[in-house]
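A.B. asks:
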Amino acid sequence: MAGQIIDGKQVAADMRAELKEEVAKLKEQGIVPGLGVILVGEDPASKSYVTAKERACEELGIYSDDNRLPADTAQEDLIALVNRMNNDPKINGILVQLPLPKGLNESEVLLAIDPDKDVDGFHPMNVGKMMVGEKAFLPCTPHGVIQLLLRSGVSIKGANVVIVGRSNIVGKPLANMLIQKNDKGNATVTVCHTRTKDLAHHTKQADIIIAAAGRPNTVTTDMVKDGVVVIDVGVNRVEDATKKRGYRLVGDVDFEQVKEKASLITPVPGGVGPMTITMLLYNTVESAKRAAGLVSDE
Ligand code: NAP
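Letter 4 of the sequence shown, counting from 1, is numbered 827 in the working numbering, and no numbers are missing.
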């Protein structure tokens, strides 16, 4: 029997509606959450991400300070802009869209962001706090994955979770979050990568598979057990002459086959993607509440 599809667009829309209400309540107290956005250069994918983030801010009533800089921007000018935002009380979160053009030092820029405004959750201070189980901004894509699971009624506690991928933005933070002793964690986690000896051996044991490899068909139907829950983080372009733009987007999982065995599965697009921006907005609202000295709900 085919499994149910986890509708990431719907879950994201529900969360955004909750956030919109929260923003409206904060406004009654004179608090307007603000996001500072920095885009350097002309990369089309980055431009469309940034535009989507700015639109989402507008929709929720979050103030956004948009800065589009030329690709030849000097490192010190970029750092100066980050510092200006660090000191601007109207800004609760700073987003530097990655990747930066060649010649700019990405890690230096990310380190310049005030950890209290690091709504992407990439600053080592937040990464460290998350690791030791202290309150921190959680990175958006992994936190989005966890929200998708929880809001779909999946029990993470005690589950065998296999993550395919160990990047600093998805696999590693996700593994960390899932092993924490809290209501988003308590899972038993295996992290696989390109040096893993027998990927299928691990995925076959999994109650939950999270694929974040960046390669189509990394997880196929022979690699999963009946009833598995599958979250596909991957976004890959594959040639498709039937499409106007010449390609279509697919995840890392063979969706059509695996959905026949899975109890729950996310599609690509329409699964994890919509959650990533939502969690950025969530962190920005959270930051505004912290700055105002309001007790957070977590
Ligand atoms: P990444 O930095 O390229 O990392 C990929 C990871 O997958 C690496 O750890 C790699 O292992 C592992 N891997 C690759 N092929 C594998 C295979 N055949 N078997 C086992 N492990 C394999 O990628 P990323 O930034 O984490 O992103 C992963 C995917 O998620 C990409 O498609 C990206 O576009 C997508 N993504 C989506 C969102 C969203 O919002 N939807 C957000 C972020 C990323 P090694 O470490 O050994 O090289």
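All residues carry an ideal CB built from backbone N, CA and C; glycine is no exception.
Is I992 a contact residue of ligand 1, with contact defined as CB to any heavy atom under 7 Å?
C.D. replies: Walking along the sequence shown from the start, residue 992 turns up at place 169. Yes; taking the cut-off as 7 Å, the Cβ of I992 has a heavy atom of ligand 1 nearer than that.
A.B. asks: Between the stretch 1070 to 1090 and the stretch 835 to 853, do at least 3 Cβ pairs fall closer than 8 Å?
C.D. replies: With a cut-off of 8 Å, the stretch 835 to 853 and the stretch 1070 to 1090 do not count as touching, because too few Cβ pairs lie within range.
A.B. asks: Start and end of the beta strand (DSSP E) containing R989?
C.D. replies: In the sequence shown, counting from the first residue as 1, residue 989 sits at position 166. No beta strand (DSSP E) contains R989, which DSSP labels as neither H nor E.
A.B. asks: Looking only at DSSP bridge pairs, what is C880 linked to?
C.D. replies: Numbered from 1 along the sequence shown, position 57 holds the residue referred to as residue 880. Answer is none; C880 lacks a bridge partner.
A.B. asks: Under the three-state reduction of DSSP, which class applies to D1120: helix, strand or coil?
C.D. replies: By one-based count along the sequence shown, residue 1120 stands at place 297. Residue placement at D1120 is flagged as unreliable, the pLDDT there being 47, under the threshold of 50; a coordinate-derived value is accordingly withheld.
A.B. asks: Is the beta carbon of T1043 sitting closer than 8 Å to the one on D1077?
C.D. replies: For the purposes of this step, residue 1043 is identified with residue 220 of the sequence shown, where counting begins at 1. For the purposes of this step, residue 1077 is identified with residue 254 of the sequence shown, where counting begins at 1. Cβ distance < 8 Å, so T1043 and D1077 count as in contact.
A.B. asks: By the DSSP assignment, the alpha helix (DSSP H) with V834 in it spans what residues?
C.D. replies: To locate residue 834, count along the sequence shown from 1; it is residue 11. G831 to E851 is the extent of the alpha helix (DSSP H) around V834.
A.B. asks: Which of helix, strand or coil does DSSP assign to A817?
C.D. replies: Since the first residue of the chain shown is 824 and the last is 1121, residue 817 is not available in this structure.
A.B. asks: Which residues bound the alpha helix (DSSP H) around N949?
C.D. replies: Reading the sequence shown from its first residue, position 126 is the one you call residue 949. P947 to M954 is the extent of the alpha helix (DSSP H) around N949.
A.B. asks: Do G1037 and ligand 1 come close, with the Cβ less than 7 Å from some heavy atom?
C.D. replies: Mapped onto the sequence shown, residue 1037 falls at position 214. Flag set: Cβ of G1037 near ligand 1.
A.B. asks: Could you tell me the distance, in whole angstroms, from the CA atom of D1063 to the CA atom of Y1070?
C.D. replies: As a first step, residue 1063 must be located in the sequence shown, where it is residue number 240. As a first step, residue 1070 must be located in the sequence shown, where it is residue number 247. About 4 Å.
A.B. asks: Does the Cβ of D1120 have 16 or more other Cβ atoms within 10 Å, making it buried, or fewer, making it exposed?
C.D. replies: Here the question's residue 1120 lines up with position 297 in the sequence shown. Only weak support exists for where D1120 lies, its pLDDT of 47 falling under 50; the value from the coordinates is given anyway. Exposed, since its Cβ has fewer than 16 Cβ neighbours within 10 Å.
A.B. asks: I'd like to know whether the C-beta atoms of L883 and L901 end up nearer to each other than 8 Å.
C.D. replies: Taking the first residue of the sequence shown as position 1, residue 883 is located at position 60. Taking the first residue of the sequence shown as position 1, residue 901 is located at position 78. Going by C-beta atoms, L883 is not nearer than 8 Å to L901.
A.B. asks: Do R1149 and ligand 1 come close, with the Cβ less than 7 Å from some heavy atom?
C.D. replies: For the chain, the structure presents residues 824 to 1121; residue 1149 sits outside this window and is missing.
A.B. asks: To the nearest angstrom, how far is the alpha carbon of T1107 from that of F960?
C.D. replies: Residue numbering aside, residue 1107 sits at position 284 when the sequence shown is read from its first letter. Residue numbering aside, residue 960 sits at position 137 when the sequence shown is read from its first letter. Looking at the two C-alpha atoms, the distance is approximately 9 Å.
A.B. asks: Mapping the DSSP letters down to three states, classify V1042 as helix, strand or coil.
C.D. replies: As a position in the sequence shown, residue 1042 is number 219, starting the count at 1. Residue state, collapsed to three classes: strand.
A.B. asks: Measuring only from the beta carbon, is H1016 closer than 7 Å to any heavy atom that is part of ligand 1?
C.D. replies: Within the sequence shown, residue 1016 is the residue found at index 193, counting from 1. It does: the Cβ of H1016 is within 7 Å (strictly closer) of some heavy atom of ligand 1.
A.B. asks: DSSP state of D1006, grouped into three classes?
C.D. replies: The residue given as residue 1006 occupies position 183 in the sequence shown. If DSSP states are grouped into helix, strand and coil, D1006 belongs with coil.
A.B. asks: Considering only the alpha carbon of each residue, which of R891, I914 and P867 lies closest to R1113?
C.D. replies: In the sequence shown, residue 1113 corresponds to position 290, counting from 1. The option with the nearest alpha carbon to R1113 is I914.
A.B. asks: DSSP three-state label for V984, please.
C.D. replies: As a working note, residue 984 is residue 161 in the sequence shown. Strand at V984.
A.B. asks: In whole angstroms, give me the CA-to-CA distance for V977 and S871.
C.D. replies: Here residue 977 refers to the residue found at position 154 when the sequence shown is read from its first residue. Here residue 871 refers to the residue found at position 48 when the sequence shown is read from its first residue. Taking the straight line joining both Cα atoms gives about 32 Å.
A.B. asks: When you measure from the CB of R878 to every non-hydrogen atom of ligand 1, does any distance come out below 7 Å?
C.D. replies: Here residue 878 refers to the residue found at position 55 when the sequence shown is read from its first residue. Not so, every heavy atom of ligand 1 lies at least 7 Å from the Cβ.
A.B. asks: Over what stretch of residues does the alpha helix (DSSP H) that includes E1083 continue unbroken?
C.D. replies: Translated into the one-based positions of the sequence shown, residue 1083 becomes position 260. From DSSP, E1083 is part of no alpha helix (DSSP H); its letter is neither H nor E.
A.B. asks: Confirm the yes/no value for this check: CB of G956, any heavy atom of ligand 1, distance under 7 Å.
C.D. replies: As a first step, residue 956 must be located in the sequence shown, where it is residue number 133. No, ligand 1 has no heavy atom inside 7 Å of this Cβ.
A.B. asks: For a test of the three-state rule: what should DSSP assign to I813, helix, strand or coil?
C.D. replies: What is shown of the chain runs 824 to 1121, which leaves residue 813 out entirely.
A.B. asks: How about N1059: is its Cβ closer than 7 Å to a heavy atom in ligand 1?
C.D. replies: Taking the sequence shown and counting its residues from 1, the one referred to as residue 1059 is at position 236. Yes, Cβ of N1059 sits closer than 7 Å to a heavy atom of ligand 1.
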